[in-house]
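Participant: Before I ask anything, let me first share the structure, which is written out below as structure tokens.
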Amino acid sequence: MTLMATFEVPEHVRPIREKVTRFIEDRVYPAEPTIHAGGEEANALVRELQAQAKSEGLWALGHPEELGGGGMPFLDYVFVNEVQGRSEFGQVALGTYSLQDSIMLHKYASPEWRDRYLKPLVEGEIFPSFAMTEPDVASSDPTQLRTTAVLEGDEWVITGRKWFTTYANRAAYTTVMCRTEPDAPPHRAFSMIVVPTETPGYTVVRETPVLGISGGHCEVDYDHVRVPGDNLLGPRGHGFVIAQERLGPGRIFHCMRWLGQAQRAFDLMCHRLNERVAFGEPLADKQLMQKHVFDSYAEIQGCRMLTLHAAQKLDRGDQARVEIGVIKVVGARMLHDVIDRAIQVFGAKGLTDDTPLSFMYRAARSGRIYDGPDEVHIQAAGRRVLEEYRQGRGWDFGLR
Ligand SMILES: Cc1cc2nc3c(=O)[nH]c(=O)nc-3n(C[C@H](O)[C@H](O)[C@H](O)COP(=O)(O)OP(=O)(O)OC[C@H]3O[C@@H](n4cnc5c(N)ncnc54)[C@H](O)[C@@H]3O)c2cc1C
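Now the structure itself:
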């Protein structure tokens, strides 16, 4: 049966979505300057927000119930995720930062590692981290990754260097993508191995700020790091399969949060246009300013429909590889361009920290690179569509 895509928030999701919106706007927005500044005051404020979210039934809403989460179905949760994404700190405040890692551990980890990490992960007591990218190879092509893991007796010995491991400097463990099968074909040569960050030989070399923001992106050296054999996730050589399972729904969540950020920028832009007067009339009356509204409207709405369509395909068991690749690219561009226009409308003020736009803009720029740069997704989606034509099936948008 073909289901029609729904783009409006379903009736039964509206009350909880409204509660999350209020939490983000009334409590997380005012906390942003302190959290940006970092340090103990920031940590205490995050813990306070987390405690409030737990006591108000807003914690980890998208995590499966058996893991202690709210158990919201995927297609309901995407709408909540959208409003949670209006603030960069929404995920941490509402306990959803660990969603992809919890699901990965739940599905693939040994009973010992599930016991050790899952509950504290969902409770927000520990941070996870995930390491694929390496400084010395073009990591857009992960078949080139050089970090190795060799089984010696019943221990994996890991050697190599990763960077851009987000939150490695505060995480309890890192899931590391390692070459374990040197003689296998490239897509079966890698495995995922869980490495507790206190393991000897695991050293955070430095944090690399991104466009001036300290986001916890770390370079990490692995010098003969030894971990037990059963720290392996899933079967040997299964690294690409696990990475793909992790990234698919992850990209839907990224895009929905980006839509939340874009909504915030759009709101700020429209209010400013109505309030600010130049050359004898509100900015809102100037056609060039109206074009900013038009372009942003079209991009947000278009991206929203593409994203929800991809989410619905994924929910029906389709891998939606083309659709997810497209939204990753369109979503990141949309976000960048909408915030860029909002900054333009604000003039010099848009570049200061007097509005959230400066931070949002810098964070948005990364979206075109992380989880695979635009070009990789464009190439893969283009190839897949062309292959459908080569096979004689074509691509009928009305039926896809
Ligand atoms: C904020 C942020 C957080 C991140 N968090 C993590 C994390 O937690 N864990 C992790 O492992 N990694 C993380 N990354 C790393 C990110 O996933 C990689 O940077 C990304 O996959 C690209 O790899 P690379 O930087 O090695 O670029 P390269 O592979 O060196 O590519 C450089 C450029 O070459 C071009 N290019 C690449 N391939 C093609 C192609 N096929 N066709 C045409 N042009 C191409 C693109 O323009 C690309 O930007 C993060 C990155 C950022 C910015």
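Heads up: the sequence shown runs through residues 273 to 672, numbered per the working numbering.
Just so it is clear, CB atoms sit at the ideal spot from N, CA and C, and this is done for glycine as well.
1) Do the CB positions of residue 281 and residue 351 come within less than 8 Å of each other?
2) What do you get for residue 667, buried or exposed, if any count of 16 or more other CB atoms within 10 angstroms of its CB means buried?
3) When you compare each of 522, 375, 564 to residue 339 by their alpha carbons, which one comes out closest?
4) Might you give, ordered along the chain, the residues of its own chain that have their beta carbon closer than 6 Å to the beta carbon of residue 541, omitting 5 neighbours on each side?
5) Suppose you measure from the CA of residue 508 to the CA of residue 462; what does that come to, to the nearest Å?
6) Pull up the CB-CB distance for residue 603 and residue 627, whole angstroms please, since I reckon it's below 8 Å.
7) Got a sec, what are the start and stop residues for the alpha helix (DSSP H) residue 558 sits in?
8) Between residue 431 and residue 415, is the Cβ-Cβ spacing less than 8 Å?
9) Near residue 337, what residues of its chain come up, given a Cβ to Cβ distance below 8 Å and the 5 sequence neighbours on each side ignored?
10) Can you determine whether any heavy atom of ligand 1 sits closer than 7 Å to the C-beta of residue 400, and answer yes or no?
11) Assuming residue 321 and residue 300 form a contact by the criterion Cβ under 8 Å, report the distance between their Cβ atoms to the nearest whole angstrom.
12) Is it buried or exposed for residue 534, if we count other Cβ within 10 angstroms and need 16 for buried?
13) Within 7 Å: the Cβ of residue 651 and any heavy atom of ligand 1?
14) Below 8 Å on the Cβ atoms is my guess for residue 648 versus residue 411; work out the distance and round it to an integer in Å.
15) Suppose you measure from the CA of residue 355 to the CA of residue 586; what does that come to, to the nearest Å?
16) Roughly how many angstroms lie between the CA atoms of residue 407 and residue 625, to the nearest whole one?
17) Using the beta-carbon count (16 or more within 10 Å), is residue 657 buried or exposed?
18) Taking 7 Å as the cut-off, is the CB of residue 403 close to at least one heavy atom of ligand 1?
19) Suppose you measure from the CA of residue 650 to the CA of residue 447; what does that come to, to the nearest Å?
20) Return the CA-CA distance between residue 371 and residue 549, expressed in angstroms with no decimal places.
21) Heavy atom of ligand 1 less than 7 Å from the Cβ of residue 370, yes or no?
22) Could you tell me if the beta carbon of residue 410 falls within a distance shorter than 7 Å of some heavy atom in ligand 1?
23) What are the residues that DSSP puts in a beta bridge with residue 553?
24) Which runs of the beta strand (DSSP E) at least 3 residues long sit entirely within the region 373-420? Give them in chain order.
25) Kindly examine ligand 1 and report whether one of its heavy atoms sits closer than 7 Å to the Cβ of residue 397.
26) Does the Cβ of residue 608 lie closer than 7 Å to at least one heavy atom of ligand 1?
27) Counting beta carbon pairs with one atom in the region 521-529 and one in the region 493-508, are three or more of them shorter than 8 Å?
28) Taking the runs of the alpha helix (DSSP H) that are 4 residues or longer, which of them lie wholly in the region 288-342?
29) Give a yes or no on whether the C-beta atoms belonging to residue 439 and residue 488 are separated by under 8 Å.
30) Mind reading off the beta-carbon distance from residue 385 to residue 466? Whole number of angstroms is fine, and I expect it under 8 Å.
31) Could you tell me which whole alpha helix (DSSP H) segments of length 4 or greater appear in the region 441-522?
32) How is residue 433 classed by DSSP in three states: helix, strand or coil?
33) Given this structure, state the Cα-to-Cα distance separating residue 313 from residue 486, to the nearest angstrom.
34) Using CA atoms only, rank isn't needed, just tell me which of 475, 398, 621 is closest to residue 493.
35) Relative to the C-alpha of residue 287, which residue among 348, 670, 608 is closest?
36) Please report the distance separating the alpha-carbon of residue 383 from that of residue 664.
Facilitator: In this structure, then:
1) Here residue 281 is taken as the residue at index 9 of the sequence shown, counted from 1. Here residue 351 is taken as the residue at index 79 of the sequence shown, counted from 1. Cβ atoms of residue 281 and residue 351: closer than 8 Å.
2) The residue labelled residue 667 in the question sits at position 395 within the sequence shown. By the neighbour-count criterion, in which 16 or more other beta carbons inside 10 Å mark a residue as buried, residue 667 falls on the exposed side.
3) Here the question's residue 339 lines up with position 67 in the sequence shown. Minimum Cα distance to residue 339 is reached at 375.
4) Here residue 541 is taken as the residue at index 269 of the sequence shown, counted from 1. Cβ contact annotation for residue 541 (same chain, cutoff 6 Å, sequence separation greater than five): 614, 617, in chain order.
5) Your numbering for residue 508 matches position 236 in the sequence shown. Your numbering for residue 462 matches position 190 in the sequence shown. For residue 508 and residue 462, the distance between alpha carbons rounds to 7 Å.
6) In the sequence shown, the residue the question calls residue 603 occupies position 331. In the sequence shown, the residue the question calls residue 627 occupies position 355. The Cβ separation is near 22 Å, so there is no contact.
7) Taking the sequence shown and counting its residues from 1, one reaches residue 558 at position 286. Taken as a continuous stretch (DSSP letters only), residue 558 belongs to no alpha helix (DSSP H), as it is neither H nor E.
8) Within the sequence shown, the letter at position 159 stands for residue 431. Within the sequence shown, the letter at position 143 stands for residue 415. Contact flag unset, no.
9) One-based indexing of the sequence shown puts residue 337 at position 65. So the list reads 343, once near-sequence residues are dropped.
10) As a first step, residue 400 is located in the sequence shown; it is residue number 128 there, counting from the start. Residue 400: no, Cβ never under 7 Å from ligand 1.
11) Here residue 321 refers to the residue found at position 49 when the sequence shown is read from its first residue. Here residue 300 refers to the residue found at position 28 when the sequence shown is read from its first residue. 6 Å between Cβ atoms; contact.
12) As a working note, residue 534 is residue 262 in the sequence shown. Flag for residue 534 reads buried.
13) Here the question's residue 651 lines up with position 379 in the sequence shown. Residue 651: yes, Cβ under 7 Å from ligand 1.
14) Residue numbering aside, residue 648 sits at position 376 when the sequence shown is read from its first letter. Residue numbering aside, residue 411 sits at position 139 when the sequence shown is read from its first letter. Not a contact, Cβ separation roughly 10 Å.
15) In the sequence shown, counting from the first residue as 1, residue 355 sits at position 83. In the sequence shown, counting from the first residue as 1, residue 586 sits at position 314. When rounded, the distance between both Cα atoms is 21 Å.
16) Along the sequence shown, one-based indexing puts residue 407 at 135. Along the sequence shown, one-based indexing puts residue 625 at 353. In this structure, the alpha-carbon of residue 407 lies about 32 Å from that of residue 625.
17) In the sequence shown, the residue the question calls residue 657 occupies position 385. Looking at its Cβ environment, which holds fewer than 16 other Cβ atoms inside 10 Å, residue 657 is exposed.
18) Here residue 403 corresponds to residue number 131 of the sequence shown, with the count starting at 1. The closest heavy atom of ligand 1 lies less than 7 Å from the beta carbon of residue 403.
19) Working through the sequence shown from its first residue, we reach residue 650 at position 378. Working through the sequence shown from its first residue, we reach residue 447 at position 175. Near 27 Å, if we compare the C-alpha coordinates of residue 447 and residue 650.
20) Walking along the sequence shown from the start, residue 371 turns up at place 99. Walking along the sequence shown from the start, residue 549 turns up at place 277. Whole-angstrom Cα-Cα distance: 45 Å.
21) Numbered from 1 along the sequence shown, position 98 holds the residue referred to as residue 370. The answer is no for residue 370.
22) Looking up residue 410 in the sequence shown gives position 138. Residue 410 Cβ: within cutoff of ligand 1.
23) Stepping through the sequence shown from its first residue, residue 553 is reached at position 281. Residue 553 is bridged to 550.
24) Fully enclosed beta strand (DSSP E) runs of 3 or longer: 399-403.
25) Reading the sequence shown from its first residue, position 125 is the one you call residue 397. Answer for residue 397: no, Cβ out of range of ligand 1.
26) Sequence index remark: in the sequence shown, residue 608 carries index 336 (1-based). For residue 608, the CB stays at least 7 Å from every heavy atom of ligand 1.
27) No contact exists between the region 493-508 and the region 521-529.
28) Entirely contained in the region 288-342, the alpha helix (DSSP H) runs reaching 4 residues are, in chain order, 301-309, 311-327.
29) In the sequence shown, the residue the question calls residue 439 occupies position 167. In the sequence shown, the residue the question calls residue 488 occupies position 216. Less than 8 Å separates the beta-carbon of residue 439 from that of residue 488.
30) Mapped onto the sequence shown, residue 385 falls at position 113. Mapped onto the sequence shown, residue 466 falls at position 194. 6 Å between Cβ atoms; contact.
31) For the region 441-522, not a single whole alpha helix (DSSP H) run of length 4 or above is found.
32) On the sequence shown, residue 433 is found 161 positions in, with the first residue counted as 1. In the structure shown, the three-state DSSP call for residue 433 is strand.
33) Sequence index remark: in the sequence shown, residue 313 carries index 41 (1-based). Sequence index remark: in the sequence shown, residue 486 carries index 214 (1-based). Cα to Cα, the separation comes out at about 16 Å.
34) Along the sequence shown, one-based indexing puts residue 493 at 221. Cα-wise, what sits closest to residue 493 is 475.
35) Position 15 of the sequence shown holds residue 287. Here the closest residue by C-alpha is 348.
36) The residue you call residue 383 lines up with position 111 of the sequence shown. The residue you call residue 664 lines up with position 392 of the sequence shown. Cα to Cα, the separation comes out at about 47 Å.
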